[in-house]
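Trainee: Sharing a structure, written as structure tokens. Questions coming.
Protein chains in written order, with the numbering used here: chain A, 1 to 368; chain B, 369 to 490.
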């Protein structure tokens, strides 16, 4: 039995089509359709209900030490009011989840994690908290994302303070509302955590302007693939380490060689031995989408070598062609720029393509 | 005089003599969402009832379309290569998928008419 979003009645009355994701009955698309929802987000502002994502608060004198044990970065040096992309690793440096950890106070962090990983993340952090002077709590919230070139203008009407944020900065209002200038589309935008009892009114307020439309998980996926952003459970999982999936940039250099976080020795071993794979963008030459799980070969012939696989793929409405993200052996990626995807027994040619497919439009502010 | 049949797999078959035109229903295209690619079989291919003969791909996913009866593909809708969205805008007319020569017309017995199909999908 799937869990229901707190705002489900709003989605039902908006005509949403639902499907299961991360244990929830989620809006996949609305009457506008995936294609138009996607394009609307890139043109105006798309509103996403991402309340399946989990919010975990870490609080207390030992909060920084706990985050430092769980995640490969230096949370004690993190600016208050700033979020950071990181992950939880197991002892083999496999990824338990990817997350954004925001520092809200000297002794207070909030973790935003994938919905499908909510229980295991909470359990993992709670186990690590034993002996640390810090509490780990799940925070029930409605979580919305407003994404697109008109997101800042639209959200400012309701939360004027949000205009001053730059990419990855966060703020907390006196009533506990959490706002982060971040997202999963490559556009400028915000993610907003709201108390259950005021979320419906807030969403309706945003939707009152014609610049804002509900956007479902279908377009969320095509938007994030065009933006070259990985999806946990698809582009990486517990059996892949951050280096192999192209996420080592999120680990500060000194911590790649040595650290006291879970998985540190394994990660430094992997790096010392040399990373075997590379994360790449792929543009299929034909019109057929090449989807997750598709094997990649270095030639068209039946005896060509298997050199990798597609980890995310579909159609990119803003690109007007299929788009994919894959993992290819380093040697093949160095010597070839054309690969062949095995789709239903046919070998479809794909060229390497720089990621992202659509340039990021993050609001980084003047200082950066 | 042609007659139109509907299957439980959300296909329609318009039969005229031993020639059949096949497509997916308006209900099916609505469920799939915007199509971005349609993979059609080669003309001349023999297909059996229940065989995955056609693939329709939306932004999000690929779905098989099954041959509703035995037969030989006699034509494919070339317009779908440039404009797969025809299946969305005109599922039961311009967005037809293939034409087939039927082998055994008795396989049509037991398929639904439009009223029965519409009653089933609500």
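Just so it is clear, CB atoms sit at the ideal spot from N, CA and C, and this is done for glycine as well.
Could you tell me whether the stretch 464-484 of chain B touches the stretch 385-401 of chain B, where touching means 3 or more Cβ pairs closer than 8 Å?
Mentor: yes
Trainee: Spatial neighbours of residue 70 of chain A within its chain, please: CB distance less than 8 Å, with the 5 preceding and 5 following residues excluded, ordered by chain position.
Mentor: 88, 124, 125, 128, 261 and 262
Trainee: Just the Cα atoms here: how many angstroms apart are residue 217 of chain A and residue 473 of chain B?
Mentor: 43 Å
Trainee: Which residues in the same chain have their Cβ closer than 7 Å to the Cβ of residue 227 of chain A, if we skip the five residues on either side of it in sequence?
Mentor: 185, 186, 356, 358 and 360
Trainee: Return helix, strand or coil for residue 236 of chain A, following the three-state DSSP convention.
Mentor: strand
Trainee: If we require 4 or more residues per run, which alpha helix (DSSP H) segments fall completely within the stretch 161-229 of chain A?
Mentor: Given a length threshold of 4 residues, each whole run of the alpha helix (DSSP H) inside the stretch 161-229 of chain A is given here in chain order: 196-207 and 217-226.
Trainee: Have a look at the DSSP bridge pairing and note the partners of residue 325 of chain A.
Mentor: A/281 and A/312
Trainee: To the nearest angstrom, report how far apart residue 249 of chain A and residue 303 of chain A are at their CA atoms.
Mentor: Roughly 36 Å separates the two Cα atoms.
Trainee: Within a Cβ cutoff of 8 Å, which residues of the same chain sit near residue 316 of chain A, ignoring the five residues on either side of it in sequence?
Mentor: A distance below 8 Å between beta-carbons, with the five flanking residues on each side excluded, links residue 316 of chain A to the following residues of its chain, in chain order: 222, 225, 226, 322, 323, 357 and 358.
Trainee: Given a cut-off of 8 Å, decide if residue 251 of chain A and residue 109 of chain A are closer than it, judged by their beta-carbon atoms.
Mentor: no
Trainee: Compare the C-beta of residue 446 of chain B with all C-beta atoms of chain D and state if any pair is closer than 8 Å.
Mentor: In the displayed structure, chain D is absent; the protein chains listed are A and B.
Trainee: Name, please, each residue of chain B whose Cβ falls closer than 9 Å to the Cβ of residue 221 of chain A.
Mentor: Within chain B, the residues near residue 221 of chain A are 427 and 428.
Trainee: Residues bridged to residue 349 of chain A by DSSP?
Mentor: A/340
Trainee: Using a Cβ cut-off of 9 Å, pull out every chain B residue sitting near residue 317 of chain A, in sequence order please.
Mentor: 402, 404 and 427
Trainee: Return the chain-ordered list of same chain residues with a C-beta closer than 7 Å to the C-beta of residue 307 of chain A, the five sequence neighbours on each side being excluded.
Mentor: 296, 297, 298, 328, 329, 332 and 339
Trainee: When you compare only the Cα positions, how much space is there between residue 178 of chain A and residue 484 of chain B?
Mentor: Here the alpha carbon of residue 178 of chain A sits roughly 52 Å from the alpha carbon of residue 484 of chain B.
Trainee: Going by the beta-carbon positions, is the gap between residue 27 of chain A and residue 11 of chain A smaller than 8 Å?
Mentor: yes
Trainee: Taking the alpha helix (DSSP H) that residue 66 of chain A belongs to, which residues open and close that run?
Mentor: 63-70
Trainee: Since residue 482 of chain B meets chain A, which of its residues come closer than 7 Å, beta carbon to beta carbon?
Mentor: Here the premise fails: no neighbours, minimum Cβ distance about 23 Å.
Trainee: Could you confirm whether any beta carbon from chain A is found closer than 8 Å to the beta carbon of residue 423 of chain B?
Mentor: By this cut-off, residue 423 of chain B is an interface position.
Trainee: Please list the partners that residue 387 of chain A has in chain B, where partner means a Cβ-to-Cβ separation under 9 Å.
Mentor: Here chain A has residues from 1 to 368 only, and residue 387 of chain A is not among them.
Trainee: Using a Cβ cut-off of 7 Å, pull out every chain B residue sitting near residue 35 of chain A, in sequence order please.
Mentor: 402 and 427
Trainee: Residue 20 of chain A versus chain B: which residues are under 7 Å apart at the beta carbon?
Mentor: Within chain B, no C-beta atom comes less than 7 Å from the C-beta of residue 20 of chain A; the nearest is roughly 13 Å away.
Trainee: For residue 155 of chain A versus residue 190 of chain A, is the C-beta spacing smaller than 8 Å?
Mentor: Yes.
Trainee: Along the chain, where does the alpha helix (DSSP H) that runs through residue 86 of chain A open and close?
Mentor: Where residue 86 of chain A is concerned, there is no enclosing alpha helix (DSSP H), although the beta strand (DSSP E) around it starts and stops at 82-89.
Trainee: Buried or exposed for residue 158 of chain A, please, with buried defined as at least 16 other CB atoms from any protein chain shown within 10 angstroms of its CB.
Mentor: exposed
Trainee: Could you tell me if residue 95 of chain A is buried or exposed, where buried requires 16 or more neighbouring beta carbons within 10 angstroms of its beta carbon?
Mentor: buried
Trainee: Give the C-beta separation of residue 374 of chain B and residue 482 of chain B to the nearest angstrom, bearing in mind that I take them to be a contact with Cβ-Cβ under 8 Å.
Mentor: 6 Å
Trainee: Using a C-beta to C-beta distance shorter than 7 Å, which residues of chain B count as neighbours of residue 218 of chain A?
Mentor: 401, 427 and 428
Trainee: Does DSSP classify residue 55 of chain A as helix, strand or coil?
Mentor: strand
Trainee: Quick one, which residues of the stretch 284-297 of chain A are near chain B if we go by CB-CB under 9 Å, in chain order?
Mentor: Listed in sequence order: 286, 287, 288, 289 and 291.
Trainee: Given that residue 331 of chain A touches chain B, what residues does it touch there, using C-beta distances under 8 Å?
Mentor: In chain order: nothing, as chain B lies at least about 31 Å away.
Trainee: Using alpha carbons as the reference points, say which of A/188, A/313, A/175 and A/183 lies closest to residue 198 of chain A.
Mentor: Measuring from the Cα of residue 198 of chain A, the nearest candidate turns out to be A/175.
Trainee: Am I right that residue 241 of chain A and residue 282 of chain A are in contact with their C-beta atoms under 8 Å? What's the rounded C-beta distance?
Mentor: Incorrect: roughly 22 Å between the Cβ atoms, too far for contact.
Trainee: Please report how far the alpha carbon of residue 367 of chain A lies from the alpha carbon of residue 47 of chain A, in whole angstroms.
Mentor: Low confidence applies here, because residue 367 of chain A scores a pLDDT of 49, under 50, leaving its location unreliable; read the following figure in that light. Spanning the two alpha carbons is a distance of roughly 28 Å.
Trainee: Where residue 305 of chain A and residue 66 of chain A are concerned, what is the direct C-alpha to C-alpha distance, given to the nearest angstrom?
Mentor: Answer to the nearest angstrom: the Cα atoms are 45 Å apart.
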